Amino acid sequence: MCSLPGGDTCGYVWGKTNERIEVPMTNERERQTYYGALDYGSKEFIVKAYATGNSENTVDFLKYLQSLRPNQKISVIWDGASYHKYKAMPKYLESINAGKHPDEWQVTCMLFAPNAPEQNPVEDIWLFAKRFIRSCYYLFKSFDMVKSLFVEILYGAFFSFPKLFAYG
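The number in our numbering is simply the position in the sequence shown, starting from 1, with 3 added.
Shown next as structure tokens:
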């Protein structure tokens with residue numbers, strides 16, 4: 004999962020030193036949460052926006068992945084976020100995998116070591132997109148434009164970071 008705060012991209016102002024620039028301020032913080040998955044076989048990235056990261060949205064994202072890859076087994080390797088392991092997740096996994104041998108499970112979830120982004124190739128993909136957005140922040144007039152470009156950069160893109168080849 005990735006969070007994209009609006010202030011990271013739309014909060015910078017440049018102007019002439021002898022002119023005052025007024026920036027409207029609010030206490031409201033814009034934020035967008037994304038779930039992403041890498042098809043390890045093709046190296047294609049799939050991304051979907053959500054209001055927040057929680058177990059219900061995690062289950063929804065898994066269902067979304069299943070709709071994109073019908074009749075295929077899905078193995079998901081995630082970091083240790085609590086919504087990847089608790090509440091709706093165990094119930095969902097039990098409902099789709101019940102009574103089956105682990106080799107027959109439709110969805111298998113495994114965890115990376117805690118606090119180990121160096122193991123997770125998706126962290127490199129999030130960083131790639133955030134760096135790109137930050138490099139051209141001055142082009143954006145709104146956070147909606149940032150969110151649109153973020154998804155456009157990532158969805159269906161194919162990646163070949165060295166870390167992607169570390170797992171087989």
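Glycine residues also receive a C-beta, built at the ideal position from the N, C-alpha and C atoms. None of the values given here were measured: they were computed from a predicted structure.
As assigned by DSSP and simplified to three states, the class of residue i
i	result
residue 144	coil
residue 69	helix
residue 33	coil
residue 42	strand
Close beta carbons around residue i, own chain, < 8 Å, minus the five adjacent residues each side
i	result
residue 120	82 and 126
Neighbour-count burial assignment, residue i, 16 or more Cβ in a 10 Å radius
i	result
residue 124	buried
residue 70	exposed
residue 89	exposed
Sequence-distant residues of the same chain with beta carbon closer than 6 Å to residue i, five excluded per side
i	result
residue 95	62
residue 112	79
residue 57	86
Residue nearest to residue i in terms of C-alpha spacing, selected from the options
i	options	result
residue 85	78, 76, 66 and 118	118
residue 98	166, 114, 66 and 75	66
residue 167	44, 68 and 145	44
Cβ-Cβ distance between residue i and residue j below 8 Å
i	j	result
residue 116	residue 122	yes
residue 150	residue 35	yes
residue 64	residue 160	no
Residues of its chain near residue i, where Cβ-Cβ distance is below 7 Å and the 5 sequence neighbours each way are ignored
i	result
residue 165	none
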